[in-house]
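Numbering of the sequence shown is given in my numbering, commencing with residue 5 and proceeding in unit increments. Down below is the structure, laid out as structure tokens.
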Amino acid sequence: MTPSPKKPTRPSDAAVAEALGPVQHLWDDLRRQMGRDFAPLTEERVFSGAKHGWALRLTQKKPAVLYLKPLEQNFRIGLALGPRAVEAARARKLPASVLRLSDEAVEYPEGKAIRFGVRGPKDIHVAIQLAAIKLEA
5 MTPSPKKPTR PSDAAVAEAL GPVQHLWDDL RRQMGRDFAP LTEERVFSGA
55 KHGWALRLTQ KKPAVLYLKP LEQNFRIGLA LGPRAVEAAR ARKLPASVLR
105 LSDEAVEYPE GKAIRFGVRG PKDIHVAIQL AAIKLEA
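Structure below.
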């Protein structure tokens, strides 16, 4: 069956690694830490439409915890925080830049859509904190 032009072929692990380039270790570290801290965790590649492309969805039981979107030489993290999780994030005194993302985020039925790029280990730490807040709320 020929893939639809709207849904290109799912990228291979090698293609994702090539796109990530120098941030591959951060991608792997985040996946490893998420798997350790939030087991059981399931990973699934999902297509979010032509505008957003493919992402790796990390789920715990049914709810999606994080989405990892590979880009050229970097990647972006996305998640939705409900009202209780947003308040819990404020109580934990996350970086002002993350709280600002929450304030400016578009709200969907699942919660506020928070997205940010990964530049280093600090961003991985923030992603893990947000995942914990989301799952606790």
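Where a beta carbon is used, it is the ideal one built from N, C-alpha and C, also for glycine.
Three or more Cβ pairs closer than 8 Å define a contact, and the segment 112-119 meets that threshold against the segment 77-85. By the Cβ criterion, the segment 29-46 is in contact with the segment 122-132, since at least three pairs of Cβ atoms, one from each stretch, lie closer than 8 Å. The three-state secondary structure of residue 117, taken from DSSP, is strand.
In this structure, residue 96 and residue 137 form a Cβ contact; the two beta carbons are roughly 7 Å apart against a cut-off of 8 Å.
Taking the C-beta atoms as reference points, residue 24 is found nearer than 8 Å to residue 74. In the DSSP assignment, residue 134 falls within the alpha helix (DSSP H) that extends over 125-140. The continuous beta strand (DSSP E) containing residue 74 extends over residues 68-75.
Nearest to residue 45 by alpha-carbon distance, out of 68, 108, 27 and 13, is 68.
Annotation: residue 43 is outside any alpha helix (DSSP H) and is labelled neither H nor E by DSSP. Around the beta-carbon of residue 43, fewer than 16 other beta-carbon atoms lie within 10 Å, marking it exposed. Looking at 16, 106, 100 and 77, the one whose alpha-carbon comes closest to that of residue 89 is 106. By the 16-neighbour rule on beta-carbons within 10 angstroms, residue 110 is exposed.
Rounded to whole angstroms, the Cβ separation of residue 140 and residue 93 is 11 Å, and the two are not in contact under 8 Å. Only residues of its own chain outside the window of five on either side were considered, and among them 23, 24, 25, 26 and 27 have a CB closer than 8 Å to the CB of residue 77, listed in chain order.
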